[in-house]
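The block underneath contains the structure these notes are about, expressed in structure tokens.
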Amino acid sequence: NAGVTQTPKFRVLKTGQSMTLLCAQDMNHEYMYWYRQDPGMGLRLIHYSVGEGTTAKGEVPDGYNVSRLKKQNFLLGLESAAPSQTSVYFCASSSTFGTGTSYEQYFGPGTRLTVT
Amino acid sequence: DAKTTQPNSMESNEEEPVHLPCNHSTISGTDYIHWYRQLPSQGPEYVIHGLTSNVNNRMASLAIAEDRKSSTLILHRATLRDAAVYYCIPPQGGSEKLVFGKGTKLTVNP
């Protein structure tokens, strides 16, 4: 099992450009998440999905869009990148949902994005 | 959101036990307390979770105070590979969010 994979690993964008980050998981997990991590900070939830075809906003959703057309994939889009979106982006998946359970999320290796 | 207080950093020597404290005095609900860790340049990984009593797994032990307002992650014999940032994640009332604070950066000396 590859677990959770993310593409690309690194990317540099100019302000105003767009891009899509791809997350794939091979664990048949129902739930998937996108987080961002700024230097010296903890992770913050951007968007999440509770199943194929569904998405929901997290803590910091502005400037991002997501889609979950297939159960194994979760895409994060930046329509018009801004320097404030320079960050490391982590995707995660889980078979359970919510802190009322054993909430074990499996994380990908991250995508380091720089917007100049 | 429930707030946590963790030391910014701790140091340990290899093969010694490490006790990582967390204060979550504003705890709400009856959800689980989770701990994750993040190795350098990697995504976070799950370590352990607990509700009211002490818990053990192959990675660590978790001691939870009787009032659930604090918990301690115990690494019985630290190795160099345990050097990471450890996040204590308090219950969030069934929330979808895992609230990652700044965590405790653990340094393990050879």
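Chains A and B, in that order, are what the protein sequence lines are. Under the numbering used here, think of the first position of the first sequence as 995, with each following residue one higher. Under the numbering used here, think of the first position of the second sequence as 2, with each following residue one higher. All residues carry an ideal CB built from backbone N, CA and C; glycine is no exception. This structure is a prediction, so every number in the text was calculated from the model and none was measured.
If you run the structure through DSSP and keep just helix, strand and coil, what is residue i?
{"i": "Ser1078(A)", "result": "helix"}
{"i": "Leu52(B)", "result": "coil"}
{"i": "Leu40(B)", "result": "coil"}
{"i": "Arg1005(A)", "result": "strand"}
{"i": "Leu1063(A)", "result": "coil"}
{"i": "Leu81(B)", "result": "helix"}
{"i": "Phe1101(A)", "result": "strand"}
{"i": "Phe1091(A)", "result": "coil"}
{"i": "Lys4(B)", "result": "coil"}
Can a CB atom of chain B be found closer than 8 Å to the CB of residue i?
{"i": "Gly1047(A)", "result": "no"}
{"i": "Gly1057(A)", "result": "no"}
{"i": "Pro1002(A)", "result": "no"}
{"i": "Thr999(A)", "result": "no"}
{"i": "Met1035(A)", "result": "yes"}
{"i": "Glu1073(A)", "result": "no"}
Compare the C-beta of residue i with all C-beta atoms of chain A and state if any pair is closer than 8 Å.
{"i": "Tyr87(B)", "result": "no"}
{"i": "Ser71(B)", "result": "no"}
{"i": "Leu99(B)", "result": "yes"}
{"i": "Gln7(B)", "result": "no"}
{"i": "Glu12(B)", "result": "no"}
{"i": "Lys106(B)", "result": "no"}
Near residue i, what residues of its chain come up, given a Cβ to Cβ distance below 7 Å and the 5 sequence neighbours on each side ignored?
{"i": "Leu141(B)", "result": "For residue 141(B) there is no data in the structure shown, the boundaries of chain B being 2 and 111."}
{"i": "Ala996(A)", "result": "Asp1020"}
Within a Cβ cutoff of 8 Å, which residues of the same chain sit near residue i, ignoring the five residues on either side of it in sequence?
{"i": "Tyr37(B)", "result": "Pro45, Glu46, Tyr47, Val48, Tyr87, Tyr88, Ile90, Leu99, Phe101"}
I'd like the list of long-range same chain contacts for residue i, defined as Cβ closer than 6 Å, with 5 residues on each side in sequence excluded.
{"i": "Phe1004(A)", "result": "Arg1106"}
Legend entry - the stretch 62-69 of chain B touching the stretch 1071-1085 of chain A, judged by at least three CB pairs closer than 8 Å: no
Inset, instruction - Specify whether the stretch 1059-1068 of chain A and the stretch 1024-1036 of chain A touch according to this definition: at least 3 beta carbon pairs, one from each stretch, less than 8 Å apart. - result: yes
Inset, instruction - Flag this pair as touching only if the stretch 72-80 of chain B and the stretch 12-21 of chain B have three or more C-beta atom pairs under 8 Å; answer yes or no. - result: yes
Legend entry - Three CB pairs or more closer than 8 Å across the stretch 98-108 of chain B and the stretch 1034-1043 of chain A: yes
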